[in-house]
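Chains A and B supply the protein sequences, listed in that same order. With the first letter of the first sequence counted as 1, position 93 gets the number 93 in our numbering; the numbers rise by one all the way through. To get our numbering, take the position in the second sequence, counting from 1, and add 1000. Don't be surprised by glycine CBs; every beta carbon is placed ideally from N, CA and C. Have a look at the structure below before the remarks.
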Amino acid sequence: MSRLLLVIAGGLIGAPLRYVADRAVQARHDSLFPWGTFSVNVIGSFILGFLTGASSLFPDSIQFFAGTGFCGALTTYSTFSYETIRLFEDRARFLAVANVTASIVAGLGSVFLGTAVSQSL
Amino acid sequence: MEHHPGEQHQHAEPLPRGPVDPDVDLRIDGRDRRAHDPAILTAIAVGGALGASARYLIGLAWPTPSGGFPVNTLLINIAGCGLIGILMVVVTDVLTQQRFLRPFLGTGVLGGFTTFSTYAVDIQKLISGGYAGTALLYLAATIVGALLAVWTTVTATRALVTWRSR
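Here it is in structure tokens:
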């Protein structure tokens, strides 16, 4: 039960932070590319990679709060996929393919980076 | 409805399609609302907590063994993608006056339910554990399943809305 409360607390912060960050990023450029969602997904992947790599350094409660709750809610697959389909429909097919490729490559890269950073501690 | 100068209208399209980013529509959010409406942020926060809890409980009920294929996260992400496809058509074409529906259900619940970071970490763990084949299969199955889910539900819901409005 206390673990569920930690997940809830993380979700309470992560989801609105995604919205605020997404808005801030979108307001700063005019391109159709969804930089806002891309950014939160890459940053969230880095943090979760770091937490996973450093799991022995932190108590379990941090994993549930910051990992499952916060990073899980900060990052999103539904918005990412919806944006990709919308780009495809708007005939921005290159951007749609670029969104998928860049998100997966950068997301995975930042997980490996986060893990490497945590293991160097 | 007031038209923003930068907004492009494709008259050949049967239904309006809304913004690319389902969470942030600057055409609406930028003009009619204060930058961070506390009521909207609260709706997103509560939705996010609900979505994250559901994801946690599903993972608890169906845990993935080490080195195993992460079926739970795969199905969570695909289900969330299917649901956002339905939601966005409903929000754009049917319940256009519901101010909290998109922030609560879309940005909050579905955004909190689905996860990109766990997806990426799942892949990294599989690769590091020597299960590169499973990692690649999981990577591909999630993205293909997620995109197909959005496309299918968007198309089907639009067809239903068009058929109903005849």
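- Taking every protein chain shown into account, the CB of B/T1096 has fewer than 16 other CB atoms within 10 angstroms, so this residue is exposed.
- B/G1106 has its alpha-carbon roughly 12 Å from the corresponding atom of A/P16.
- B/P1070 and A/N99 have their C-alpha atoms some 23 Å from each other.
- In the pairwise beta carbon analysis, the region 72 to 82 of chain A is classified as touching the region 1142 to 1153 of chain B: at least three pairs are separated by under 8 Å.
- In this structure, the beta-carbon distance from B/G1108 to B/G1018 does not fall below 8 Å.
- Look at A/S81: its C-beta is under 8 Å from a C-beta on chain B.
- The continuous stretches of alpha helix (DSSP H) do not include B/Y1131, and DSSP gives it neither H nor E.
- Cβ neighbours of A/Q26 within its own chain (closer than 6 Å, five residues either side excluded): G36.
- Residue-level contact by beta carbon holds for A/P16 and chain B, with a gap shorter than 8 Å.
- For A/D22, the enclosing alpha helix (DSSP H) covers residues 2 to 26.
- Using a Cβ distance threshold of 8 Å, A/V20 and A/F64 do not count as a contacting pair.
- Counting only residues of its own chain and dropping the five nearest sequence neighbours on each side, B/V1089 has a CB closer than 7 Å to the CB of V1154, T1157, R1158, V1161.
- Put simply, the CB of A/F112 is near chain B, with a gap under 8 Å to one of its CB atoms.
- Residues of the same chain with a CB within less than 6 Å of the CB of A/G44, apart from the 5 flanking positions on each side, are C71, L74, T75 in chain order.
- A/R86 is the residue among A/G109, A/V111, A/R86, A/L108 whose C-alpha sits nearest the C-alpha of A/P34.
- The Cβ atoms of B/R1102 and B/V1091 sit closer than 8 Å to each other.
- Selection A/R23, A/V111, A/R3, A/S118 evaluated against B/Y1056 yields A/R3 as nearest (Cα-Cα).
- For B/L1087, the closest alpha carbon among the candidates B/L1139, B/G1048, B/L1110, B/Q1124 is that of B/L1110.
- The Cβ of B/T1107 sits closer than 8 Å to at least one Cβ of chain A.
- Identification of chain A residues near B/A1141 by a Cβ-Cβ cut-off of 9 Å yields none; the smallest Cβ-Cβ distance measures about 13 Å.
- Within the model, the alpha-carbon separation for A/R93 versus A/L121 is close to 42 Å.
- Among the residues of the region 1100 to 1134 of chain B, those with a Cβ less than 7 Å away from any Cβ of chain A are T1107, G1108, L1110, G1111, G1112, T1114, T1115, F1116, S1117, T1118, Y1119, A1120, V1121, I1123, Q1124, in the order of the chain.
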